[in-house]
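**Student:** The listed protein sequences derive, respectively, from chains A and B.
The numbering used here numbers the first residue of the first sequence as 1 and each following residue consecutively.
The numbering used here numbers the first residue of the second sequence as 1 and each following residue consecutively.
Got a structure here, written out as structure tokens. Questions coming.
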Amino acid sequence: MGLFHYNIEKYSPKQLVIIPMVLLAISLVVLAFVTVTVGMPVKPGIDFSGGTAVTVITPDTSNQIQAIFAGYPLVSVSEGLNNGKFITFGTMSDAQYQSLTALVESKYPDAQINQIGESFGKTLQDQAFIALIIAFIGMAIVVFVSFRTFIPSCAVVLSAFADMAMTAAMMNIVGIQLSLGTTAALLMLIGYSVDSDILLTTRVLKRQGKLNDKLTGAFRTGIIMTSTTIAAVTVLLIVSWAGQVEVIEEISAVLLMGLIFDILNTWLTNVGILKWYVLKGGGK
Amino acid sequence: MKKERMKDLFRDWRVLALLILLVLSVIAIYPHFDNNGNLTTNLQYGLDLQQGAWLQLEFKAEVVGFTTTEPVDTFVTNLSKSLDTDVIQVDASHLEIRKSFTQAELEPYFAAEGGTVVSYQPGISAATADLVKQILEQKINAMGTKDAKVNTLTGLNNVARYVRVEMAGVDMNQAQQIIGKQGKFEIRIQTTGNSTEHVLYGDSITSVQVPSQSPAGSGNWGVGFTLSEDGASTFQSAAIKYGATVDPSNHKLAMLLDNQTVYSAPLSQQLAGSLQSEPTRELFASTGTGTNGMQEATNLEIQLRAGALPVDVSVAGSGSTSASLGQHYMTMCIIAGILALIMVAFVIFYRYREPRIVLPMVLINASEIVILLGFISVIKFQMDLPTIAGLIAVLGTGIDQLVVITDEILHEGIVPSPNVYLKRLARALTIIVIAAATVLIAMLPLALMDLSTLKGFAIITMMGVIVGVVVTRPAYGKIIMEILSE
């Protein structure tokens, strides 16, 4: 791939690993800070904290919308192209919700309304958390069983973990909340982010040849793999942003961030550890 | 490519399997023009891609594990009285309490009756959940709603906490009305010949018990129900006035739901006798013996409730999508899908600069999506927005694996001999299988749990991975070999 040249052989394992490890440390600090302030590593959206979301296509401005819903616990109004508006509300009583739906239906008959109660949100949140943990442990088991060597397996699992942590931290920074959709995206990342790590590890451990040649070859294949996925996800992000399809916009944004961090973690973190392992006499 | 080779290629079982699956998928999707000349398919869409509304209801009840030193029957009866609600024994060690209490609130009541609370789960038993599902389905069918789904979400512990109702083609208000609507239940009494007189409406029935045998163990099934004080005296005076107490067989009692007779039987001799002197609040409608009697008792129970659920519910979540917004989302998804495929093709072309490699790659990639859509049609899965995001991600990662195969085979730029080729293909497939296994395992918890809308997304993603590994990757390996060895 001619976009940029990356000479893995030029750098020592330490040099390779230092940047992602600093980023990982920063990410963990961000996650810890958010956990202390809101009680979860990523700020929960209405799917988990409870609340109401209204999607509507209208030429009304944000200010007009705020005026219309002044009597309700309005949280935010976001805008897309083509007059799409995404309005969120905090939790409210059943009676207030009924009057809100009546108001929305009279003002904007073409709206989409979604509401999640607080306790239901809590149930979903607990389940989502368990799903993430099980998925991660499951992934780690598959990796260890597949490679049956301790350090290279650890490198893959660490890269995947760093990927998740950095993505989650970034979600906080750019203001994407944890929802059912973004949980799905994080779960997808667990599966897909190890793709290139597995390619790299298999090529280096199970193939004959000079280490640097194997690394360069793996990089050539690996980077195109991630690029195709990034291409698909970028298109998804642009279309869903323009069309104000909030769920898909969030999913694709999280996937895109995760894939970019995946490049970093595969070709710095994982390569660094693997190179160190082979140079000190592991593998072959 | 020479004709001979082409023929060989189509004889290869891997390629054949792919082609057959593709044809089957297109048949399953069944694109056709409907009566209005619009292009439609067999694909079904979730409530965010078409007009509809969903309601998720939470049961105001709990299933409690218990122990008691008293005889269980006495304990349950006493507890039911002191808690002033229905208490149903689920199994040897679990009770269903049909009113919302916290564990701390329940403990003193249990202690007072000589028992202890061992475990506490908000929700209702699987059996009651089934009943709720039947009642809701009956209600929705009675409204003639086109397309509705009722799902009780029962956990591994056999306790259901939520029920989710999805109705296509209605808005939020209509949905709430349908769910909230109760039927008109009426008890009438036969006067002379075929004519009957009104006795009571459903509002005089204060509670309905689950089907039981009376006397216990006799095999004679029926449903017990309780009348209000006023209802009981109205019932008594009507029975005396029309002569049902002295001549029960000619003055049958009829129960009607929305003006349809659902039950008709004479008073029992014993009841007729006792009604002469005093009103009775506890009544029992027997429905016969055996499985048939039990089934009828279940039906009668639902009818007696007249659409009211056995437990109170609160709305845990709800949503609705308008027709125009659903259409808008659909358009966006189609645009996104096509653009994503073009983008991926572009990146691949940038890398290989060779249409003979790029074209099969993109075609295989597209065929994977077609097969998945075919699968979605067959299982009648309702596609929603997260599922579509999953499908597009499959597009991106599917091509990844084709890249792995291509690069592995093209290693060092030399086209390999068949032997070396097979070895390299096997090596590429190893990488792919490990990667696939991680995705499968990551999605497994979602597929097993009931995380609302994400279950379908997980199943489709897993399916995509399996189709890729089993069908399309091996076929691609064969095709690219033929093309490269030319």
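Glycine included, each C-beta is placed from N, C-alpha and C at the ideal position.
Note that this is a predicted model, so its numbers are computed, not measured.
(1) Where does residue 47/A fall in DSSP's three states?
(2) Since residue 360/B contacts residue 466/B with CB under 8 Å, what's their CB separation in whole angstroms?
(3) Would you check if there are 3 or more beta carbon pairs closer than 8 Å linking the stretch 340–353 of chain B to the stretch 383–397 of chain B?
(4) Is there a Cβ from chain A that is less than 9 Å from the Cβ of residue 355/B?
(5) When the cut-off is 9 Å and only beta carbons count, does residue 284/A lie next to chain B?
(6) Are the CB atoms of residue 46/B and residue 384/B nearer to each other than 9 Å?
(7) Secondary structure at residue 2/A, three-state DSSP: helix, strand or coil?
(8) Output the distance between the C-alpha atoms of residue 164/B and residue 83/B, rounded to the nearest integer angstrom.
(9) Sort 180/A, 98/A and 119/A by Cα distance to residue 161/B and report the nearest one.
(10) With DSSP collapsed to three states, give me the class of residue 147/B.
(11) Our contact map puts residue 287/B next to residue 297/B with C-beta atoms below 8 Å; I'd like the distance itself, whole angstroms only.
(12) From the DSSP secondary-structure annotation, give me the bridge partner or partners of residue 285/B.
(13) Are any of the Cβ atoms in chain A nearer than 9 Å to that of residue 48/B?
(14) Could you give the residue range of the alpha helix (DSSP H) that holds residue 235/A?
(15) Taking a cut of 8 Å between CB atoms, which residues from the stretch 243–268 of chain A lie near chain B?
(16) Assuming residue 306/B and residue 180/B are in contact, meaning their beta carbons sit under 8 Å apart, how far apart are those beta carbons, in whole angstroms?
(17) If the cut-off is 9 Å on Cβ atoms, which residues from the stretch 98–116 of chain B count as contacting chain A, listed in chain order?
(18) If you draw a straight line from the alpha carbon of residue 78/A to that of residue 237/A, how long is it in whole angstroms?
(19) What separation, rounded to the nearest whole angstrom, lies between the Cα atoms of residue 308/B and residue 63/A?
(20) Please list the partners that residue 96/B has in chain A, where partner means a Cβ-to-Cβ separation under 9 Å.
(21) Closer than 9 Å, CB to CB, is residue 114/A near chain B or not?
(22) Specify, as a first and last residue, the run of the alpha helix (DSSP H) that residue 377/B falls within.
(23) I'd like to know whether the C-beta atoms of residue 480/B and residue 399/B end up nearer to each other than 9 Å.
(24) Within 10 angstroms of the Cβ of residue 269/B, are there 16 or more other Cβ atoms? Answer buried if so, exposed if not.
(25) Cβ closer than 8 Å: which chain B residues qualify as neighbours of residue 105/A?
(26) May I ask you to report which of helix, strand or coil DSSP gives residue 39/A?
(27) Under a Cβ-count criterion, where at least 16 other Cβ atoms within 10 Å of its own Cβ denotes burial, should residue 212/A be classed as buried or exposed?
(28) Pull the bridge partners of residue 152/A from the DSSP assignment, please.
(29) Consult DSSP for residue 53/B and reduce its assignment to one of helix, strand or coil.
(30) In or out: residue 371/B buried (at least 16 other Cβ within 10 Å) or exposed?
(31) With a threshold of 6 Å on Cβ separation, who are the neighbours of residue 186/B within its own chain once the five nearest residues in sequence on each side are excluded?
(32) Considering only DSSP beta bridges, list what residue 197/A is partnered with.
(33) For a contact meaning CB atoms closer than 9 Å, what does residue 343/B contact in chain A?
(34) Taking buried to mean at least 16 other C-beta atoms within 10 Å of its own C-beta, is residue 150/A buried or exposed?
(35) What residues in its chain sit with their C-beta under 6 Å from that of residue 281/B, if we drop five residues either side in the sequence?
(36) Could you list which residues in chain A have their beta carbon closer than 9 Å to that of residue 251/B, in chain order?
**Tutor:** In short, the structure shows the following:
(1) On the first sequence, position 47 is the one that residue 47/A refers to. In the displayed model, residue 47/A falls within a helix according to three-state DSSP.
(2) Here residue 360/B refers to the residue found at position 360 when the second sequence is read from its first residue. Here residue 466/B refers to the residue found at position 466 when the second sequence is read from its first residue. Not really, about 21 Å apart at Cβ, beyond 8 Å.
(3) Cβ pair count under 8 Å is three or more, so yes.
(4) Along the second sequence, one-based indexing puts residue 355/B at 355. No, no contact with chain A.
(5) What you label residue 284/A is simply residue 284 of the first sequence in a count that begins at 1. With a pLDDT of 49 at residue 284/A, under the threshold of 50, the modelled position of that residue is not reliable, and no figure is offered here.
(6) Here residue 46/B refers to the residue found at position 46 when the second sequence is read from its first residue. Here residue 384/B refers to the residue found at position 384 when the second sequence is read from its first residue. Yes, they are a contact pair.
(7) Mapped onto the first sequence, residue 2/A falls at position 2. The pLDDT assigned to residue 2/A is 44, lower than 50, so where the model puts this residue is not dependable, and the model offers no usable value.
(8) Your numbering for residue 164/B matches position 164 in the second sequence. Your numbering for residue 83/B matches position 83 in the second sequence. The straight-line gap from Cα to Cα measures roughly 28 Å.
(9) As a working mapping, residue 161/B is identified with position 161 in the second sequence. Looking from the CA of residue 161/B, the closest CA among 180/A, 98/A and 119/A belongs to 119/A.
(10) The residue labelled residue 147/B in the question sits at position 147 within the second sequence. Residue 147/B: strand per DSSP, three-state reduction.
(11) The sequence position of residue 287/B within the second sequence is 287, counting from 1. The sequence position of residue 297/B within the second sequence is 297, counting from 1. Indeed, because the Cβ distance is near 5 Å, the residues count as touching under 8 Å.
(12) Walking along the second sequence from the start, residue 285/B turns up at place 285. Bridge partners of residue 285/B: 223/B.
(13) Within the second sequence, numbered from 1, the residue matching residue 48/B stands at position 48. Yes, contact with chain A.
(14) For this step, residue 235/A is matched to residue 235 along the first sequence. Segment 211–242, the alpha helix (DSSP H) holding residue 235/A.
(15) Taking 8 Å as the cut-off between beta carbons, the residues of the stretch 243–268 of chain A near chain B are 243, 245, 247, 248, 251, 252 and 255, in sequence order.
(16) Within the second sequence, numbered from 1, the residue matching residue 306/B stands at position 306. Within the second sequence, numbered from 1, the residue matching residue 180/B stands at position 180. A Cβ-Cβ separation of about 13 Å leaves residue 306/B out of contact with residue 180/B under the 8 Å criterion.
(17) Residues: none.
(18) Counting from one through the first sequence, the residue named residue 78/A turns up at place 78. Counting from one through the first sequence, the residue named residue 237/A turns up at place 237. Between residue 78/A and residue 237/A, the C-alpha separation is close to 16 Å.
(19) Translated into the one-based positions of the second sequence, residue 308/B becomes position 308. Translated into the one-based positions of the first sequence, residue 63/A becomes position 63. Their backbone Cα atoms lie some 44 Å apart in a straight line.
(20) Reading the second sequence from its first residue, position 96 is the one you call residue 96/B. Neighbours of residue 96/B on chain A: none; closest Cβ ~19 Å, over 9 Å.
(21) What you label residue 114/A is simply residue 114 of the first sequence in a count that begins at 1. Residue 114/A belongs to the set of residues whose beta carbon lies under 9 Å from a beta carbon in chain B.
(22) Taking the first residue of the second sequence as position 1, residue 377/B is located at position 377. From DSSP, the alpha helix (DSSP H) with residue 377/B extends over 355–378.
(23) The count along the second sequence starts at 1 and reaches residue 480/B at position 480. The count along the second sequence starts at 1 and reaches residue 399/B at position 399. For residue 480/B and residue 399/B, no; Cβs fall outside 9 Å.
(24) Here the question's residue 269/B lines up with position 269 in the second sequence. Exposed: under 16 other Cβ atoms inside 10 Å.
(25) Locating residue 105/A in the first sequence gives position 105, counting from the first residue. Counting only Cβ-Cβ distances below 8 Å, residue 105/A has contacts in chain B at 171, 172 and 173, in chain order.
(26) For the purposes of this step, residue 39/A is identified with residue 39 of the first sequence, where counting begins at 1. Here residue 39/A sits in coil by DSSP.
(27) As a first step, residue 212/A must be located in the first sequence, where it is residue number 212. Exposed: under 16 other Cβ atoms inside 10 Å.
(28) Here residue 152/A corresponds to residue number 152 of the first sequence, with the count starting at 1. Partner(s): none; residue 152/A has no beta bridge.
(29) Mapped onto the second sequence, residue 53/B falls at position 53. In the structure shown, residue 53/B sits in a strand (DSSP, three-state: E or B).
(30) Taking the second sequence and counting its residues from 1, one reaches residue 371/B at position 371. So residue 371/B ends up on the buried side.
(31) The residue given as residue 186/B occupies position 186 in the second sequence. Closer than 6 Å at Cβ, skipping near neighbours: 201 and 256.
(32) Here residue 197/A refers to the residue found at position 197 when the first sequence is read from its first residue. Looking at the DSSP assignment, residue 197/A forms no beta bridge with any residue, so it has no partner.
(33) Here the question's residue 343/B lines up with position 343 in the second sequence. Chain order gives the chain A residues near residue 343/B as 228, 231, 232, 234 and 235, where near means a beta carbon separation below 9 Å.
(34) As a position in the first sequence, residue 150/A is number 150, starting the count at 1. When all chains shown are included, residue 150/A counts as exposed.
(35) Reading the second sequence from its first residue, position 281 is the one you call residue 281/B. Excluding positions up to five away in sequence, the list reads 226, 227 and 232.
(36) Position 251 of the second sequence holds residue 251/B. Near residue 251/B there are no residues of chain A at all, since even the closest Cβ is about 46 Å away, more than 9 Å.
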